[in-house]
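Student: Chains as they are written, first to last, in our numbering: chain A, 280 to 712; chain B, 280 to 712.
For every residue, glycine included, the Cβ atom is placed at its ideal position computed from N, Cα and C.
Pasting a structure here, questions to come.
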C-alpha cells in the first residue's frame with residue numbers, strides 16, 4: 280500500500296464525492312476530507328427549511344456511502360491550507376496529508392455582497408444548521424403573530440420576504456405559500472395564516488434569470504398562483520430585524536417593508552480557504568473569487584491540483600462560465616477522477632473538460648415545476664414529475680433515501696409537513712438547571 | 280364564548296396533550312401552553328440519539344395534533360408562575376391567562392444528584408437538542424478514534440460509559456452495541472468499531488430496578504450479548520471530559536475508567552417552576568420535589584389545580600408512588616379532564632384516580648426486548664413485537680408518524696441508520712464569513 284499514488288480530495292459535496300466514487304477501481308489510495316461527516320443533497324435543503332423533510336433525509340453519511348470502497352478513507356477535518364510546492368494539505372487540527380494528486384472541491388459560501396451584517400436578520404440556505412434556523416424563524420413568526428398585541432405587529436410577523444429569485448428563492452417562496460395557505464390553515468385561532476404576505480424580491484428584470492425567458496414567465500405565474508408577490512428590478516439597500524428597505528428600478532427614493540422574516544437567497548462567493556489557495560498558487564480568479572482553471576480543470580502550473588464544483592471558473596462557451604449547480608460539480612469531479620486514473624495508466628493526452636448540459640429545473644409548490652431539458656421547455660405537473668423522477672434516480676443511490684419519496688407521497692396526499700419542529704436556541708428547560 | 284369555563288393546561292407532554300384531547304367535547308375554552316411547539320414521544324428519543332430516527336419522527340406539532348379541536352388553542356410560551364389565589368398563570372413574556380381550572384403537567388428534568396457540573400461531560404436524554412448532541416458525541420468519538428495518535432487515545436475514544444441502567448440506559452447501551460458491531464462495521468480504515476467498549480454503570484444491585492427480577496436478569500443477558508459490560512453496585516464519584524471515577528460496592532478506594540463519551544441516564548427531579556408552585560400553594564412534596572396530590576389529583580386546598588404526569592406524587596399503593604412513565608401521565612391527564620368535564624355537568628363526587636398498570640417494556644437492541652404485561656413476563660423477539668405493536672397503536676394517532684415504522688422496517692433489514700449526521704457546534708463554514 281505504501282508506494283501507491285495518493286489522491287486527496289477536499290470536500291464531500293457533489294464534486295468531491297463523485298470524484299471519490301469514480302476512483303473506486305483506480306490503483307491509488309484515496310483520502311476524502313470534509314468538515315462534515317455527511318454529503319448534503321443541497322437541492323432539497325429548502326424542504327428542510329420549510330418543514331417537509333428532516334436533515335437526515337437530505338444527507339447521507341460519507342463513510343456510509345463509501346464504506347465498500349476499500350481504497351478510500353474518509354476523514355473528518357477542515358483544511359487550513361495547501362502547500363502546493365511540498366504537495367501537502369495541512370488541516371486546522373495540525374494533521375498533514377501528502378498527496379500526489381489533489382482535488383479541491385470545497386465549494387462556495389453565501390455572499391451578502393459586502394453587507395455581512397445582514398446575515399443576522401436574513402439567514403441563507405447553505406447548511407443544514409441554517410435550514411433548521413430558517414424553519415425555526417418561519418414557524419415562530421406564525422406563533423408570534425397569533426399572540427401579537429396589535430394588527431400592525433401581527434402583519435409584520437405575517438410578512439415574509441425572500442431576497443433573490445433564482446431556483447432556491449422560487450422554491451422557498453412556493454413552499455412558504457403552501458405552508459400559509461394549506462398546511463397551517465386550521466392551526467390558529469386568532470390569525471388567518473392564509474393572510475400572510477410572501478414577497479419575492481429580485482434585482483434583475485425576471486425570476487430565474489439563468490433560465491429561458493418563457494420559463495421565467497411561467498415560473499412567475501405559478502408562484503403568483505400560490506399567493507406570492509414578485510417584485511422585480513428591486514435593489515435591497517438595508518435589512519434588519521424589522522424589515523427591508525429597497526429601491527425600485529431607477530428611483531432615487533427608497534421604500535420600506537415591515538417584515539419580521541427575511542430569507543436571503545442571493546449570490547455566492549468563494550471561501551477564505553479558496554482565496555488563500557489562489558494566492559499561494561498565483562492562480563487567476565474571477566470577480567467572485569472562483570479559480571480560473573485549465574481545460575483539464577487543473578490550476579495553471581500545478582498539473583496535480585484539480586478544482587471541481589463551485590470553486591472552478593471554467594468557460595463552457597467563450598465568456599460564459601459554467602454555473603454553480605450540482606450537474607456541473609458532478610461532471611467536474613468525475614472528469615478529474617478520470618484524468619487521474621488515465622495518468623496512472625500511462626495516458627498523456629486528455630480531451631478538455633466538456634460540460635454536458637442536461638437542463639435545469641425548479642419546483643414551485645406542490646406538483647408544479649418548470650424545466651428546461653435539452654432545450655425543451657416544460658411546466659406544471661409534467662415538469663414536476665420529471666423533477667421527481669430525476670431526483671429519485673440520484674437519491675436512491677444512497678441507501679434508505681428512498682424513504683424521502685414515501686414521505687413526499689404522503690405529504691402530497693395530506694398537505695401535512697412532518698418536520699415542523701422549532702428546536703434549539705435555549706428553549707431547553709432541562710439545560711436551565 | 281366569553282362566559283365559558285376556562286381550562287389552562289401547562290405542558291404538552293403525555294399528560295397535558297391527553298388532557299386537552301379528552302376535553303374536546305367539554306363546554307369549555309381550553310388553552311394549552313408549552314415552551315415547545317411539539318409533543319415529544321420521549322420513549323423513542325434514544326433512537327434519535329443513536330441515529331435511527333430524525334427529531335421530526337419522534338415529535339408531532341401540537342397545533343397540528345389539536346387543529347380540529349375548535350374549543351382549544353395552543354400557545355408557545357413558558358410559564359413563569361401561577362398566582363393560585365387570583366387564578367391566573369403569568370408567562371415569562373408577561374402574558375397573563377385567567378383560568379377556572381388549571382392542569383399543571385410541566386414534567387421533570389434531569390437530576391445529577393447535586394453534581395450539575397457533570398452535565399457538561401455527560402449529557403442526558405431529555406430533550407431533542409440533547410438527543411442530537413449525544414448523537415454528535417457518539418459519532419464524533421469514532422471519527423476521533425480513527426485519527427488518534429496513540430492506541431491509548433483511540434481506546435479512550437472507543438470507550439462509552441452510560442450511567443444508570445433503567446430502561447433508557449439499557450436501550451441506549453443496546454443501540455450503541457449495535458452501532459459499533461453492525462452499523463459502522465465497514466466504515467473505518469484504522470480502527471475496528473467492533474472493539475469499542477460499552478460500559479453500563481448502575482448504582483443498584485440489578486439493571487431495570489423497577490422491573491421484576493427475572494426480567495432484570497434476562498435484560499442483562501440480552502444487553503451482554505450485544506457486547507455491553509454491565510457494572511452493578513457501582514457508585515460514580517466524578518465525571519469529566521476524560522472519563523469516570525467510581526467506587527465498587529463497599530470498597531473505600533476508587534477506580535478510574537478513561538472514556539471520552541459518557542451519557543447520563545440517571546434520575547429526574549422537579550423544575551424550578553414546580554418548586555415555586557409548591558411553595559406558593561404550600562403543597563407538600565417528596566424528596567425529589569414532586570407535589571403530593573389529593574386522590575382526585577388536585578392540590579390540597581386548591582380544588583381547581585390538577586397535577587398530572589411526572590410532577591405528581593401519588594401513591595398507587597400505600598408507600599408506593601406511581602413511576603414517572605408515559606402510561607401514568609396519559610391516564611393522569613385523562614382523569615383530570617374527566618373530573619373537569621364532570622364538574623361542568625354538575626357532578627360532585629368522583630372516584631379517586633386509579634392507575635391501570637398495563638405493564639412495562641424496554642427494548643434491548645434489534646428485535647429484542649423485555650416486557651411485563653399484566654404480570655406476564657416476556658423477553659426476546661416476542662417482547663419486541665409487542666413493543667412494536669403497542670407503540671404503533673399510539674404513534675399512528677399522529678398523522679404521518681406511520682413512516683417511523685417504514686423506516687424501522689428498512690433499517691431492520693439493512694442495519695443502516697439514516698440519521699447519522701453530526702451537526703451544530705460551529706462546524707458551519709458559511710457562518711465563518
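In chain order, what residues of the same chain have a beta carbon less than 8 Å from the beta carbon of residue 660 (chain B), not counting five sequence neighbours either side?
Tutor: For residue 660 (chain B), where only same-chain residues beyond five positions count, the Cβ hits under 8 Å are 646, 647.
Student: So that I know if they touch, is there some Cβ in chain B lying closer than 7 Å to that of residue 466 (chain A)?
Tutor: Chain B contact via Cβ: present.
Student: Can you name the start and end residues of the alpha helix (DSSP H) that residue 543 (chain A) belongs to?
Tutor: Taken as a continuous stretch (DSSP letters only), residue 543 (chain A) belongs to no alpha helix (DSSP H), being part of the beta strand (DSSP E) at 540 to 543.
Student: For a contact defined as C-beta to C-beta under 9 Å, what are the partners of residue 426 (chain B) on chain A?
Tutor: Those are 354, 355, 356, 372, 374, listed as they occur along chain A.
Student: DSSP three-state call for residue 461 (chain A): helix, strand or coil?
Tutor: Helix, per DSSP.
Student: What's the C-alpha gap between residue 570 (chain A) and residue 593 (chain A)?
Tutor: Roughly 8 Å separates the two Cα atoms.
Student: Between the stretch 303 to 320 of chain B and chain A, which residues of the former have a C-beta closer than 7 Å to a C-beta of the latter?
Tutor: Residues passing the 7 Å Cβ filter: 314, 315, 316, 317.
Student: Residue 508 (chain B) bridges to which residues according to DSSP?
Tutor: For residue 508 (chain B), which the question treats as bridged, DSSP gives the partners B:478.
Student: Indicate whether the contact test is met: 3 or more Cβ pairs, each with one atom in the stretch 381 to 401 of chain B and one in the stretch 507 to 525 of chain B, closer than 8 Å.
Tutor: Touching, per the Cβ criterion.
Student: Quick one: residues in its chain with C-beta nearer than 6 Å to the C-beta of residue 407 (chain A), no 5 flanking neighbours on either side, listed in chain order?
Tutor: Contacts found: 334.
Student: Counting contacts by CB-CB distance shorter than 7 Å, is residue 461 (chain A) in contact with chain B?
Tutor: Closer than 7 Å: no.
Student: List the residues of chain B that residue 422 (chain A) touches, going by C-beta distances under 7 Å, in chain order.
Tutor: Ordered by position in chain B, the residues that pass the 7 Å Cβ test against residue 422 (chain A) are 316, 355.
Student: Residues of the stretch 636 to 669 of chain B with a CB closer than 8 Å to any CB of chain A: list them in chain order, please.
Tutor: Listed in sequence order: no entries.
Student: Using a Cβ cut-off of 7 Å (strictly closer), state whether residue 342 (chain A) contacts chain B.
Tutor: Closer than 7 Å to some Cβ of chain B, the Cβ of residue 342 (chain A) qualifies, so yes.
Student: Tell me whether residue 678 (chain A) sits in a helix, a strand or coil according to DSSP, three-state version.
Tutor: Any reading at residue 678 (chain A) needs caution, since the residue's pLDDT is 45, under 50, leaving its predicted position unreliable; the model's value is listed next. It is coil, neither helix nor strand.
Student: For residue 524 (chain B), list the residues DSSP reports as bridge partners.
Tutor: Paired residue(s): B:517, B:535.
Student: So which residues on chain A does residue 347 (chain B) lean against when the C-beta distance must stay under 9 Å?
Tutor: Chain A residues near residue 347 (chain B): 465.
Student: Mind checking the stretch 402 to 418 of chain A against chain B and listing, in chain order, the residues whose C-beta falls within less than 9 Å of any C-beta there?
Tutor: From the stretch 402 to 418 of chain A, only 403, 405, 406, 407, 408, 409, 411, 418 have a Cβ closer than 9 Å to chain B.
Student: Quick check: residue 443 (chain B) and residue 544 (chain B), are their CB atoms within less than 7 Å of each other?
Tutor: For residue 443 (chain B) and residue 544 (chain B), yes; Cβs fall inside 7 Å.
Student: Following the continuous beta strand (DSSP E) through residue 296 (chain B), name the residue where it begins and the one where it ends.
Tutor: Unbroken run through residue 296 (chain B) is the alpha helix (DSSP H), 293 to 301; no beta strand (DSSP E).
Student: Any heavy atom of the ligand GTP closer than 6 Å to the Cβ of residue 285 (chain B)?
Tutor: Questions concerning the ligand GTP fall outside what the structure shown contains, since it holds no ligand whatsoever.
Student: Ignoring anything shorter than 4 residues or poking outside the stretch 362 to 428 of chain A, list the alpha helix (DSSP H) runs there in chain order.
Tutor: Those alpha helix (DSSP H) runs which fall completely within the stretch 362 to 428 of chain A and span 4+ residues are 407 to 425.
Student: Do you know offhand how far residue 621 (chain A)'s Cα is from residue 306 (chain A)'s?
Tutor: Rounded to the nearest angstrom, the two C-alpha atoms are 10 Å apart.
Student: Between B:419, B:542, B:486, which has its C-alpha nearest residue 477 (chain B)'s C-alpha?
Tutor: Nearest C-alpha to residue 477 (chain B): B:542.
Student: Should residue 325 (chain A) and residue 457 (chain A) be called a contact, given that it needs their Cβ atoms to be closer than 7 Å?
Tutor: Result no, Cβ atoms of residue 325 (chain A) and residue 457 (chain A) do not sit closer than 7 Å.
Student: Am I right that residue 643 (chain A) and residue 498 (chain A) are in contact with their C-beta atoms under 8 Å? What's the rounded C-beta distance?
Tutor: Rounded, the Cβ-Cβ distance is 6 Å, consistent with contact.
Student: So the candidates are B:491, B:632, B:506, B:424; which of them puts its Cα closest to the Cα of residue 651 (chain B)?
Tutor: The residue with the shortest Cα to Cα distance from residue 651 (chain B) is B:491.
Student: How should residue 331 (chain A) be labelled, buried or exposed, when 16 other C-beta atoms within 10 angstroms of its C-beta is the threshold for buried?
Tutor: Buried, by the Cβ-count rule.
Student: Based on the DSSP output, what are the partners of residue 581 (chain B) in its beta bridges?
Tutor: Residue 581 (chain B) is bridged to B:578.
Student: To which residues of the same chain is residue 455 (chain A) closer than 6 Å at the C-beta, ignoring the five residues directly before and after it?
Tutor: The answer, listed in chain order, is 439, 477.
Student: Quick one: residues in its chain with C-beta nearer than 7 Å to the C-beta of residue 578 (chain B), no 5 flanking neighbours on either side, listed in chain order?
Tutor: For residue 578 (chain B), where only same-chain residues beyond five positions count, the Cβ hits under 7 Å are 560, 562, 570, 572, 584, 586.
Student: According to DSSP, simplified to helix, strand and coil, what is residue 313 (chain B)?
Tutor: Strand, per DSSP.
Student: Where do the N-terminal and C-terminal ends of the alpha helix (DSSP H) with residue 658 (chain B) fall, by residue?
Tutor: First-last for residue 658 (chain B): 655 to 659, but that is the beta strand (DSSP E), not the alpha helix (DSSP H).
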